[in-house]
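Participant:
Residue numbers (my numbering): 9 to 119.
Take a look at the structure:
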């Protein structure tokens with residue numbers, strides 16, 4: 009049986025984005041997970057944090073998270089995107105990006 013991993017991508021917005029942008033990002037996430045056959049566990053927005061929780065096969069999970077991040081940036085950025093270690097620029101918002109990984113099968117996923 010293939011092992012799976014779950015991961016949470018959190019966008020901590022510097023200020024509350026317009027409802028249309030939140031909706032557009034949610035639709036992008038849903039399209040991406042359907043296309044890649046990834047289970048979307050959670051996609052919520054609360055207190056200026058957009059929280060996306062996905063589950064995928066362990067052997068390509070990390071790449072899926074990075075690909076989703078890049079899809080979001082590419083599709084919703086209207087100027088040159090800056091990607092840093094912990095922050096990105098999306099539209100006119102500075103976003104703190106936190107990616108958490110949790111392997112549901114193996115305990116050594118973080119290593």
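Here a beta-carbon is modelled for each residue, glycine too, at the ideal position from N, C-alpha and C.
Model, not experiment: these values are computed from the prediction.
Does the distance from the C-beta atom of residue 30 to that of residue 48 stay below 8 Å?
Facilitator: Sequence index remark: in the chain shown, residue 30 carries index 22 (1-based). Sequence index remark: in the chain shown, residue 48 carries index 40 (1-based). No; because the gap between Cβ atoms is not below 8 Å, this pair is not in contact.
Participant: Please say whether residue 57 and residue 51 have beta carbons closer to each other than 8 Å?
Facilitator: Within the chain shown, the letter at position 43 stands for residue 51. Within the chain shown, the letter at position 49 stands for residue 57. No, the Cβ-Cβ distance between residue 51 and residue 57 is not below 8 Å.
Participant: Can you check whether the CB of residue 36 is closer than 8 Å to the CB of residue 83?
Facilitator: In the chain shown, the residue the question calls residue 83 occupies position 75. In the chain shown, the residue the question calls residue 36 occupies position 28. Yes, they are a contact pair.
Participant: What would DSSP say about residue 143, mapped onto helix, strand or coil?
Facilitator: Because residue 143 is not part of the residues shown, which for the chain are 9 to 119, the question remains open.
Participant: How would you write the range of the beta strand (DSSP E) that residue 64 sits in, first residue to last?
Facilitator: The count along the chain shown starts at 1 and reaches residue 64 at position 56. It spans 57-65 - the beta strand (DSSP E) in which residue 64 sits, taken as one unbroken run.
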